[in-house]
Amino acid sequence: MPGLLHGAGLAERINAALPQTQCTRCGYPDCASYAQAIAEGLAPINQCPPGGLEGVVRLAAITGQAVQPLNPAHGLEAPRTVAVIDENWCIGCTLCIKACPTDAIVGANKLMHTVMTDHCTGCELCIPVCPVDCIELVNASGSATGWAAWTPTQANNARQRYAARQQRLAQRRADTPETDSDAGTPSTEARTGPAAGTALASPASTAHEARQAAIAAAMARARQRRNPPSQ
0 MPGLLHGAGL
10 AERINAALPQ
20 TQCTRCGYPD
30 CASYAQAIAE
40 GLAPINQCPP
50 GGLEGVVRLA
60 AITGQAVQPL
70 NPAHGLEAPR
80 TVAVIDENWC
90 IGCTLCIKAC
100 PTDAIVGANK
110 LMHTVMTDHC
120 TGCELCIPVC
130 PVDCIELVNA
140 SGSATGWAAW
150 TPTQANNARQ
160 RYAARQQRLA
170 QRRADTPETD
180 SDAGTPSTEA
190 RTGPAAGTAL
200 ASPASTAHEA
210 RQAAIAAAMA
220 RARQRRNPPS
230 Q
């Protein structure tokens with residue numbers, strides 16, 4: 000038990016030393032998971048680009064390991080960035096809202112979305128999910144990088160917002176029937192409908208298909224605006 004408590008305490012100290020961007024560049028789903036892996040000796044201390052070399056130094060002091068350069072396979076130390084959405088091209092698909100780990104993007108379906116820059120960690124997770132490429136990252140720290148561009152207050156805020164989001168999503172999952180995928184199709188164990196070949200589409204599946212069709216139509220309109228037919 001003492002060993003387990005020590006391990007848990009070490010993981011918490013490591014997590015507290017991470018910038019809490021929740022960017023997943025370290026190869027783990029969040030900062031806490033990376034901290035746990037370091038504490039268990041499963042991951043090196045040089046896989047967090049947002050923390051930069053200063054972050055490695057801090058982790059080395061906590062773990063007793065030697066300082067080592069950042070592993071470029073996980074990214075390079077760079078100025079802090081924040082996401083900005085181009086209002087002219089946003090189609091209101093809400094995909095970026097779902098991808099943001101700190102709930103820094105607000106908006107509603109088919110309505111323009113906005114980034115609350117005070118809460119954006121620059122994780123970049125919203126970039127690949129945007130179907131119309133209307134999100135860009137802008138420099139928010141000048142030439143400052145790593146912990147010189149990120150304060151403990153910002154890290155704590157990001158950590159609290161991420162924890163609140165995770166709690167909300169967990170509660171939502173508990174209140175929602177189990178599904179096979181994000182599409183919302185009822186789980187195999189729960190399906191008791193007609194035999195194969197005669198099954199009717201579930202309401203959740205139909206709603207998902209309608210949503211996908213709406214997104215596709217919005218993307219088509221956005222492409223048409225960007226590339227109007229020549230006269």
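The sequence shown begins at 0 in numbering that gives the first Met the number 0 and counts up one residue at a time.
Yeah, the Cβ is synthetic: ideal placement off N, Cα and C, and Gly gets one too.
Roughly how many whole angstroms lie between the Cα atoms of residue i and residue j?
i, j, result
"TRP149", "CYS133", "25 Å"
"VAL114", "ALA157", "14 Å"
"ASN45", "GLN67", "7 Å"
"SER140", "PRO78", "6 Å"
"PRO193", "GLY121", "With a pLDDT of 42 at PRO193, under the threshold of 50, the modelled position of this residue cannot be trusted, and the question is left open."
"GLN165", "GLN159", "10 Å"
"VAL105", "ALA7", "35 Å"
"ALA72", "LEU168", "31 Å"
"GLY40", "GLU123", "28 Å"
"THR116", "PRO28", "22 Å"
"LEU110", "GLY63", "50 Å"
"TYR161", "GLN21", "8 Å"
"ASN108", "ALA143", "36 Å"
With a CB to CB cut of under 7 Å and the five nearest residues on each side skipped, what residues in its chain are close to residue i?
i, result
"ALA65", "ALA59"
"VAL137", "THR80, VAL81 and VAL83"
"GLY50", "LEU17, PRO18, GLY145 and TRP146"
"VAL56", "VAL66"
"ALA38", "GLY6, LEU9, ALA10 and ILE13"
"CYS125", "ALA82, CYS95, ALA98, CYS99, ILE104 and ILE134"
Name the DSSP bridge partner or partners of residue i?
i, result
"ALA82", "LEU136"
"VAL105", "THR113"
"THR144", "PRO78"
So residue i is in the alpha helix (DSSP H); what residue range does that whole segment cover?
i, result
"PRO151", "151 to 174"
"VAL233", "What is shown of the chain runs 0 to 230, which leaves residue 233 out entirely."
"ALA38", "30 to 38"
"LYS97", "94 to 98"
Look at residue i and residue j and say whether their C-beta atoms are less than 9 Å apart.
i, j, result
"GLY54", "ALA16", "yes"
"CYS30", "ALA42", "no"
"PRO48", "GLY74", "yes"
Using C-beta distances below 8 Å, list every residue in its chain close to residue i, excluding the 5 sequence neighbours before and after it, in chain order.
i, result
"VAL128", "LEU94, CYS95, LYS97 and ALA98"
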